[in-house]
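Structure record follows, encoded as structure tokens.
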Amino acid sequence: MDKTEENFWKLFYSSDEVNVRLALEMAKGMPELDLAPILQDYQNLYSALFPRGEAQRVEEQVAALNQPSMDASGQGLSVIPEGIGKLKNLQRLYLNNSQLIALPESIGELVNLEHLELQKTQLTSLPESFGKLVSLKHLELSDTQLTGLPESFDKLVNLEHLELQKTQLISLPESFGKLVSLKHLELHDTQLTGLPESFDKLVNLKHLSLHNTQLTSLPESLCVLVNLQDLGLHKTQLTSLPENFDKLVNLKCLFLSNTQLTSLPESLCVLVNLQDLSLNDTQLTGLPENFDKLVNLKYLCLSDTQLTSLPESFGVLVNLQRLFLNDIQLTGLPESFDKLVNLRHLELSNTKLTSLPESLCVLVNLQYLELRDTQLTALPENFDKLVNLKYLFLSDTQLTSLPENLGKLVNLKYLFLKNT
0 MDKTEENFWK LFYSSDEVNV RLALEMAKGM PELDLAPILQ DYQNLYSALF
50 PRGEAQRVEE QVAALNQPSM DASGQGLSVI PEGIGKLKNL QRLYLNNSQL
100 IALPESIGEL VNLEHLELQK TQLTSLPESF GKLVSLKHLE LSDTQLTGLP
150 ESFDKLVNLE HLELQKTQLI SLPESFGKLV SLKHLELHDT QLTGLPESFD
200 KLVNLKHLSL HNTQLTSLPE SLCVLVNLQD LGLHKTQLTS LPENFDKLVN
250 LKCLFLSNTQ LTSLPESLCV LVNLQDLSLN DTQLTGLPEN FDKLVNLKYL
300 CLSDTQLTSL PESFGVLVNL QRLFLNDIQL TGLPESFDKL VNLRHLELSN
350 TKLTSLPESL CVLVNLQYLE LRDTQLTALP ENFDKLVNLK YLFLSDTQLT
400 SLPENLGKLV NLKYLFLKNT
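Going left to right, the sequence shown walks through residues 0 to 419 as numbering that gives the first Met the number 0 numbers them.
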């Protein structure tokens, strides 16, 4: 390619309309250059991607397609012309909410593409050329009809963010572990029954969502993913956790609600970085003896379990800010409960509580307190110590009166007393 032709292509692929116009002028003096089919491709692409586009002149259309980012979401797009591969500048492409049922093989020629969104489309498969998108870092394929991934998918070694939720996937290829750059992976609301053995190679994974899948167990190898910080497993058929769960030393958020768990391994309580833990809607009958080791917990949900009591050491969880204990057979609170000085939100509705300890009123940071549907007949005399309380729910209790000092709660905004 001589210098003149090199300059021509540089101008032609520019996102600046002026440069494109200069290129088209140059082409008039280059009879050897057959530009007609290329311009036809661009015209077809523009009509497909910008059905309501206002660009009339050729240079306007070409410049519009040479932009690094393109959003054709919600345009009713059903077919992408093969010419899409000519858009070498494209780095970000949005094709959400469209009628697409397939992608052209030429999609693989978008070698500079880093971000691709195909949510809420009719895609059932991806072309084999998809694996050529080696610059891809962010890919969203959620809410599609995908049943599988092409063999070449493991070539996307720079992929960091992948969303495959709400698809028809039932399994992942064994080669999935080659996607070693993955940090964020969404697989929830699929028919997945298991994970490939190679899954332990995803050592950079930080966020993994597997809720509402058909998983009944987790492989021991999952616990090799020491960088994992956020793990979603709610609404699965899990009955137990791997014994080596303590290897997930950086885990901060763990969601295990609505599972078949009846107990927790002692190893879980070694995860001292854990901040959010959801165990509601499970068959838990008790907590491990070393549960008090989870000293950094800020959010804990134990509602709708088989628990009847909390361990005396529960007060060691001094960083707790939100605690949910609804719909359990709890008859009392441990004496150490007054140590939860950072507690702001507490729910104790539909429990067997008949009274509250005076020590509860030491929790001066409490802002939200639910005691609905309990057997409470009175409130502690020192209830006015809860000076920051804003929301108080006392509906459907056995209360016949309220302490006179309740009026001292000057920050109280909402008081619910229905059926009391």
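Cβ atoms here follow ideal geometry from the backbone N, Cα and C, with glycine treated the same way.
Source: prediction; values computed, not measured.
Practice prompt. May I ask you to list the residues that DSSP assigns as paired with L230?
Written response: L207 and L253
Worksheet item: Which residue or residues does DSSP assign as beta-bridge partners of S68?
Response: R91
Worksheet item: To the nearest angstrom, how far is it from the Cα of S354 to the Cα of D153?
Response: 59 Å
Fill in: Contained beta strand (DSSP E) runs [length at least 3] in the region 252 to 293, N- to C-terminal order
252 to 254 and 275 to 277
Worksheet item: Should D188 be labelled buried (16 or more other beta-carbon atoms within 10 Å of its own) or exposed?
Response: buried
Discussion item. At the level of alpha carbons, what is the spacing between S46 and Q164?
Written reply: 31 Å
Item to complete: Excluding the 5 residues preceding and the 5 following L145 in the sequence, name in chain order all residues of the same chain whose CB lies nearer than 8 Å to its CB.
Response: L122, T123, S124, L125, L163, T166, Q167 and L168
Discussion item. Please report the distance separating the alpha-carbon of D249 from that of Y390.
Written reply: Before going further, note that residue 249 is Asn rather than Asp in the sequence given. Each residue's Cα considered, the two are about 34 Å apart.
Worksheet item: Should the region 64 to 81 be regarded as contacting the region 46 to 55, the criterion being three or more beta carbon pairs within less than 8 Å?
Response: yes
Practice prompt. Could you check what DSSP says for Y413 in three-state terms: helix, strand or coil?
Written response: strand
Fill in: Per-residue burial, A62 [other beta carbons within 10 Å of its own, 16 or more giving buried]
buried
Discussion item. Bridge partners for C300 per DSSP, in chain order?
Written reply: S277 and F323
Practice prompt. Please specify which runs of the beta strand (DSSP E), each continuous and at least 3 residues long, are wholly inside the region 376 to 405, giving them in chain order.
Written response: 390 to 392
Item to complete: Let me know if Y413 comes out buried or exposed under the rule of 16 or more other beta-carbons within 10 Å of its beta-carbon.
Response: exposed
Worksheet item: Roughly how many whole angstroms lie between the Cα atoms of Q118 and S97?
Response: 8 Å
Worksheet entry | Local Cβ density within 10 Å of D40, reported as buried at 16 or more and exposed below that | buried
Worksheet item: Taking the runs of the beta strand (DSSP E) that are 3 residues or longer, which of them lie wholly in the region 172 to 199?
Response: 183 to 185
Item to complete: Count the other CB atoms, across all protein chains shown, that sit within 10 Å of the CB of G176; report buried if there are 16 or more and exposed otherwise.
Response: buried
Worksheet entry | C-alpha gap between F323 and E173, whole angstroms | 40 Å
Worksheet entry | Expected contact under 8 Å - CB spacing of N95 and S72 to nearest Å | 4 Å
Discussion item. Do L270 and K297 have their beta-carbon atoms positioned less than 8 Å apart in this structure?
Written reply: no
Worksheet item: Would you call T396 buried or exposed, if buried means 16 or more other Cβ atoms sit within 10 Å of its Cβ?
Response: buried
Worksheet entry | Own chain residues within Cβ distance below 7 Å of L339, not counting five before or after | G314, L316, V317, L319 and L362
Fill in: Beta-bridge partners of E113, as assigned by DSSP
Note: E113 sits in no beta bridge, so no partner.
Fill in: Chain-order list of residues whose beta-carbon lies under 6 Å from that of E139 (same chain, five-residue window excluded)
E116, Q118 and E162
Worksheet item: Which one of Q228, S335 and N111 has the shortest CA to CA distance from D275?
Response: Q228
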